[in-house]
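Just so we're aligned: 345 in the numbering used here is position 61 of the sequence shown, and the numbers increase by one with no gaps anywhere. Where a beta carbon is used, it is the ideal one built from N, C-alpha and C, also for glycine.
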Amino acid sequence: KRERIGKLIGVGFAVPGPYIRDSGTFVLMSHVPGWENIDFAAQLHWQQEYPVFLEHDANCAAFAEWWYKDSASQHSSILFLCAGPGIGAGIIENGNILQGSLGIAGEVGHMSINYSGPLCECGHRGCLELYASTFALENEAMALSKKGVLSSLSPEGMSADAILAAVNQGDPLALRAFDRIAAALGFGVVNLVNAYNPEVIYIGDILSKAPQRLLEIVNAVVKENLRTIVYNKLQIKISHFEPEETVMLGISAMVFNNIVNNGSLVEMFRGNE
């Protein structure tokens with residue numbers, strides 16, 4: 285007989301973006317075609333017994349950091365940068381998540397760092413995630429392999445996780461590929477600081493699996509490209525949580541916060557109001 289551990293009070297879904305809150309549809313899901321204009325919220329109408337909440341995954345990650353680790357600090361402004369297959373940011377200012385008019389604030393993966401760069405799925409050129417995502421890491425590693433750079437990795441085994449494990453073991457090819465991607469992420473961070481001026485930036489998701497080298501490279505790029513007075517007031521850290529758990533912790537805390545504490549950071553999806 286299975287023991288019931290607790291009472292279910294609500295259901296939360298963390299979704300990738302850009303996700304339009306009012307219409308419940310995705311503008312774009314990078315590298316996963318076919319989700320555009322699907323009303324995701326409408327697909328959840330089977331769930332009527334409990335309140336259901338939807339939130340952008342980067343916002344969930346930011347909320348996890350704030351709720352479990354940062355709320356007792358003096359930081360009034362934090363930014364969580366998800367660096368994985370896509371790049372997204374969750375921004376919390378004085379306890380409130382920055383949403384924007386459509387709910388797509390923080391879609392920094394589609395911020396250009398090279399206006400004459402390659403065309404992105406979004407229609408823009410030189411987007412950050414073309415240079416600083418796990419897909420960019422895999423492409424860079426494959427390109428180096430074809431050039432004959434020595435590595436313990438086989439061409440068939442160059443997944444992002446394998447490359448990051450090789451980075452931590454000092455593999456020459458993995459280090460060269462990762463350093464280029466980390467530097468590109470650093471330039472993205474420079475733009476984020478100039479745009480949002482957070483006190484602390486937490487970096488999480490898959491690229492944070494090589495934490496020390498990632499921090500070293502990102503910090504070097506940011507220090508070189510920001511005014512000293514701005515850089516000295518900024519903290520850049522790796523997330524407190526494992527990449528696989530951050531978003532789940534965040535959406536769970538958001539559901540609890542909204543239902544129990546009547547918080548304002550999450551909106552109940554339309555139809556269950």
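Got a sec? Which residues, its chain only, sit under 8 Å from Met442 by beta carbon, not counting five neighbours each side?
-> Here the question's residue 442 lines up with position 158 in the sequence shown. Taken in chain order, the residues that qualify are Glu422, Ala425, Met426, Ser429.
Let me know if Gly432 comes out buried or exposed under the rule of 16 or more other beta-carbons within 10 Å of its beta-carbon.
-> The count along the sequence shown starts at 1 and reaches residue 432 at position 148. Looking at its Cβ environment, which holds fewer than 16 other Cβ atoms inside 10 Å, Gly432 is exposed.
Residue of Leu459, His359, Ala444 minimising C-alpha distance to Val451 = One-based indexing of the sequence shown puts residue 451 at position 167. Comparing Cα positions, the closest option is Leu459.
Mark Ser492 as exposed unless 16 or more other C-beta atoms lie within 10 angstroms of its C-beta, in which case mark it buried.
-> Residue 492 sits at position 208 when you count from the first residue of the sequence shown. So Ser492 counts as buried.
Pairwise C-alpha distance: Leu363 and Pro300 = By 1-based counting over the sequence shown, the position of residue 300 is 16. By 1-based counting over the sequence shown, the position of residue 363 is 79. So the alpha carbons of these two residues sit roughly 17 Å apart.
Roughly how far, in whole angstroms, is the beta-carbon of Val345 from the beta-carbon of Cys366, given that I think they are within contact range, below 8 Å?
-> On the sequence shown, residue 345 is found 61 positions in, with the first residue counted as 1. On the sequence shown, residue 366 is found 82 positions in, with the first residue counted as 1. As written in the sequence, residue 345 is Ala, which differs from the Val given in the question. With 8 Å as the limit, Ala345 and Cys366 qualify as a contact, their Cβ atoms being about 6 Å apart.
DSSP state of Asn516 mapped onto helix, strand, coil = On the sequence shown, residue 516 is found 232 positions in, with the first residue counted as 1. In the three-state scheme derived from DSSP, where H, G and I count as helix and E and B as strand, Asn516 is classed as coil.
Do Ile375 and Tyr480 have their CB atoms nearer than 8 Å?
-> For the purposes of this step, residue 375 is taken as residue 91 along the sequence shown, with counting starting at 1. For the purposes of this step, residue 480 is taken as residue 196 along the sequence shown, with counting starting at 1. If you check the CB distance, Ile375 and Tyr480 come in under 8 Å.
Straight-line Cα distance separating Gly296 from Gly434 = Counted from its first residue, the sequence shown places residue 434 at position 150. Counted from its first residue, the sequence shown places residue 296 at position 12. A small correction: the amino acid at residue 434 is Leu; Gly does not occupy that position in the sequence shown. A direct Cα-to-Cα measurement between Leu434 and Gly296 gives close to 45 Å.
Start and end of the alpha helix (DSSP H) containing Ala298?
-> Along the sequence shown, read from residue 1 onward, the residue named residue 298 stands at position 14. First-last for Ala298: 295-299, but that is the beta strand (DSSP E), not the alpha helix (DSSP H).
In whole angstroms, what is the alpha-carbon distance linking Phe419 and Ser400?
-> In the sequence shown, residue 419 corresponds to position 135, counting from 1. In the sequence shown, residue 400 corresponds to position 116, counting from 1. For Phe419 and Ser400, the distance between alpha carbons rounds to 20 Å.
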